[in-house]
Ligand SMILES: Nc1ncnc2c1ncn2[C@@H]1O[C@H](COP(=O)(O)OP(=O)(O)O)[C@@H](O)[C@H]1O
Ligand SMILES: [Mg+2]
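Below you can see the structure in the form of structure tokens.
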């Protein structure tokens with residue numbers, strides 16, 4: 530490789546510092562024995578984590594977030610399997626327009642979606658709660674899930690299905706025995722990414738949650754109280770740790786999927 | 002192994018893709034136990050016809066019968082046919098033996114009996130001991146064998162092969178051609194092979210259907226196809242055919258008198274005439290039916306003078322393009338380089354031996 534011009538190199542380094550330094554500060558202050566977020570550091574403590582574990586409100590928000598994220602991830606992925614399968618295997622009238630409409634939430638401002646859904650739900654007289662957040666999050670996650678799964682279904686050779694059919698299987702058993710195992714890495718990626726998106730989504734959760742609070746909404750509400758900030762730092766530290774674990778799991782499945790089918794690795798997250 | 006009983010009957014099979022007429026009235030009978038080839042240039046409808054027999058394509062009209070039964074309303078997974086796909090379609094997430102045993106899932110036999118069948122089939126295709134390997138880690142030739150084993154283990158009445166050798170290199174391809182012939186004789190199953198390679202079709206088949214643009218142009222055994230092509234197009238597609246303009250002088254008593262540019266007058270049998278109606282009358286003949294005459298040699302039948310325009314040396318063979326006196330286009334002549342036979346120079350005058358028995362008249 531040619532050596533980088535030094536200007537570009539320092540640009541890259543500065544970029545990475547801006548990106549990651551704030552995240553590195555989170556655990557630093559989470560273990561700092563002091564309520565003020567400033568240097569110099571005081572001393573090591575785990576009391577913020579103890580407070581965190583003792584806060585019912587916070588634990589409830591975590592529980593809500595886990596429920597919403599799991600349900601949205603599963604819902605969005607199931608819908609996306611059907612859409613991706615249909616768009617890659619069948620030709621039908623208006624396919625292009627339909628797929629564009631399905632993918633549109635990717636670029637629509639979230640606040641508009643949130644307001645629109647809220648107005649409709651209120652007009653319909655539905656109670657707000659976790660179920661309405663889940664609906665909103667499914668809408669948000671489905672385009673991402675479709676993008677991932679379309680790639681997975683597209684790389685599937687049509688003659689594999691025909692071969693299974695030729696060997697006596699029917700449409701359903703072919704799906705179960707051949708298609709599903711081969712797109713499984715895609716399904717797992719889709720679940721993980723949808724889960725992550727839902728987990729830290731704020732606007733829809735704040736608009737559609739009613740009295741229910743998810744973790745991002747709870748964190749935001751606590752930022753008004755300076756006393757609560759070190760605990761928030763502790764929560765954030767836990768989230769970073771969980772995110773890193775999820776990323777590693779996702780990458781593991783992606784690589785295993787490629788190795789299993791003998792494909793070439795064309796780069797991934799890690 | 003072949004018998005006269007038809008295994009497959011195709012009656013006026015038509016297939017339209019939207020407004021594209023892919024199969025334009027296919028009529029053919031394929032005999033039980035024969036090695037049958039569909040030969041034609043890319044896009045002529047070979048794969049479509051094969052997939053029609055397998056049940057992957059609905060035909061627009063016509064009848065497909067397999068072993069005396071109409072295949073209308075019989076889906077692909079219920080037909081007594083199995084297919085070796087062009088891409089082999091090996092299931093990448095399964096091992097070799099799981100691939101080969103895939104079709105036995107609904108078989109009532111015990112697991113041990115199925116395992117035995119898998120092992121026997123693997124041995125038959127020369128993959129003994131490969132059962133536990135991951136399918137995606139195999140070479141092209143090995144994948145092809147797995148695809149064969151996977152189809153043959155079900156003992157289908159008809160095995161369909163879509164260009165099974167086209168992805169292999171030349172050496173491997175020639176090796177597999179012989180293996181496939183042996184395998185077909187051993188199992189006695191009707192094989193239908195799709196290929197665009199005329200040499201492959203000639204080497205392997207009992208009979209060949211030559212297809213152009215959705216139609217069968219000629220259906221014959223390899224020798225008849227080579228020696229008596231029915232149209233100039235078939236003649237051109239299979240091997241090399243020289244053409245010389247000709248005029249018909251008279252026809253009587255099973256004999257046709259013709260005047261051939263460069264050769265002169267000749268008398269041929271009526272069965273050497275193809276009524277192909279594709280252009281002006283011409284005689285066709287293969288490069289190996291002509292012989293360059295060396296000093297002092299006399300022809301067995303007739304001779305014509307000419308000048309050598311081009312010499313192409315192939316090691317075992319030499320091809321000469323010779324412009325016969327009074328003809329504008331050169332004819333190609335192939336000579337085996339037997340020991341002691343000198344390779345001639347470009348530009349040399351020469352004499353060419355020919356025989357009226359080797360001519361085909363297209364009119
Ligand atoms: N699913 C399809 N839809 C439209 N046209 C098709 C389809 N499959 C094949 N064709 C057309 O039919 C013709 C014959 O195709 P094919 O049978 O694959 O040819 P071959 O195998 O002889 O190369 C080609 O011109 C091809 O473009
Ligand atoms: Mg083809």
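Protein chains in written order, with this note's numbering: chain A, 530 to 799; chain B, 2 to 364. Just so you know, even glycine gets a beta-carbon here, dropped at the ideal spot from N, CA and C.
- If you draw a straight line from the Cα of residue 673 of chain A to the Cα of residue 215 of chain B, it comes to about 44 Å.
- Between the region 247-255 of chain B and the region 84-98 of chain B there are fewer than three inter-stretch CB-CB distances shorter than 8 Å, so the stretches are not counted as touching.
- In this structure, residue 745 of chain A keeps its C-beta atom at 8 Å or more from the C-beta atom of residue 577 of chain A.
- Separation of residue 757 of chain A and residue 751 of chain A (C-alpha to C-alpha, rounded to the nearest whole angstrom) is 6 Å.
- Looking at the DSSP output, residue 346 of chain B sits in no beta bridge, so it has no partner there.
- Of the candidates B:266, B:259, B:236, B:236 places its Cα closest to the Cα of residue 279 of chain B.
- By DSSP's assignment, residue 329 of chain B forms no beta bridge with any residue.
- For residue 304 of chain B, the CB contacts under 8 Å within the same chain, skipping 5 residues up- and downstream, are 294, 352, 353, 354, 355 in chain order.
- Residue environment for residue 111 of chain B: exposed (fewer than 16 other C-beta atoms within 10 angstroms of its C-beta).
- Taking 7 Å as the cut-off, the C-beta of residue 44 of chain B counts as close to a heavy atom of ligand 1.
- In the three-state DSSP reduction, residue 695 of chain A falls in the helix class (H, G or I).
- By the C-beta density criterion, residue 162 of chain B is buried, having at least 16 other C-beta atoms within 10 angstroms.
- Remark: C-beta atoms of residue 33 of chain B and residue 6 of chain B approach each other more closely than 8 Å.
- In summary, residue 699 of chain A is exposed, with fewer than 16 beta-carbon neighbours lying within 10 Å of its beta-carbon over all protein chains present.
- Sixteen is the threshold: since fewer than 16 other Cβ atoms of the shown chains lie within 10 Å of the Cβ of residue 330 of chain B, the residue is exposed.
- Non-local C-beta neighbours of residue 347 of chain B in its own chain, meaning closer than 8 Å and more than five positions away in sequence, comprise 309, 310, 311, 312, ordered along the chain.
- For ligand 2, a non-hydrogen atom lies closer than 7 Å to the CB of residue 164 of chain B.
- With contacts defined by Cβ atoms closer than 8 Å, residue 76 of chain B and residue 56 of chain B form a contacting pair.
- Following the DSSP letters along the chain, one finds residue 97 of chain B inside the alpha helix (DSSP H) bounded by residues 97-101.
- In this structure, the C-beta of residue 211 of chain B stays at least 7 Å away from each heavy atom of ligand 2.
- No heavy atom of ligand 2 is found nearer than 7 Å to the CB of residue 79 of chain B.
- By the Cβ rule, the region 673-688 of chain A does not count as touching the region 758-775 of chain A, because fewer than three pairs are nearer than 8 Å.
- Rounded to whole angstroms, the separation of the alpha carbons of residue 556 of chain A and residue 766 of chain A is 5 Å.
- Taking a contact as a CB-CB distance under 8 Å, the pair residue 666 of chain A and residue 607 of chain A does not count as one, their CB atoms being some 14 Å apart.
- The beta-carbon separation of residue 709 of chain A and residue 778 of chain A, rounded to 20 Å, does not stay under the 8 Å limit for a contact.
- For residue 289 of chain B, the three-state secondary structure derived from DSSP is helix.
- Residue 60 of chain B and residue 14 of chain B do touch by the CB rule: their CB atoms are close to 5 Å apart, below 8 Å.
- Identification of residues in the region 676-696 of chain A having a C-beta nearer than 8 Å to some C-beta of chain B yields 686, 688, 689, 691, 692, 693, 694, 695, 696, given in sequence order.
- Contact note: residue 90 of chain B reaches chain A through 686, 688, 689, 691, 692, using a C-beta cutoff of 8 Å and chain order.
- Put simply, the CB of residue 699 of chain A is near chain B, with a gap under 8 Å to one of its CB atoms.
- Here the region 569-585 of chain A does not lie against the region 636-654 of chain A, with fewer than 3 beta-carbon pairs under 8 Å apart.
- Among the residues of chain B, those whose CB is under 9 Å from the CB of residue 711 of chain A are 92, 93, 94, following chain order.
- Per DSSP, the beta bridge partners of residue 307 of chain B are B:325, B:351.
- The beta-carbon of residue 610 of chain A is placed no less than 8 Å from the nearest beta-carbon of chain B.
- Taking 8 Å as the cut-off, the Cβ atoms of residue 739 of chain A and residue 663 of chain A do not count as close.
- Where residue 625 of chain A is concerned, the enclosing alpha helix (DSSP H) starts and stops at 624-632.
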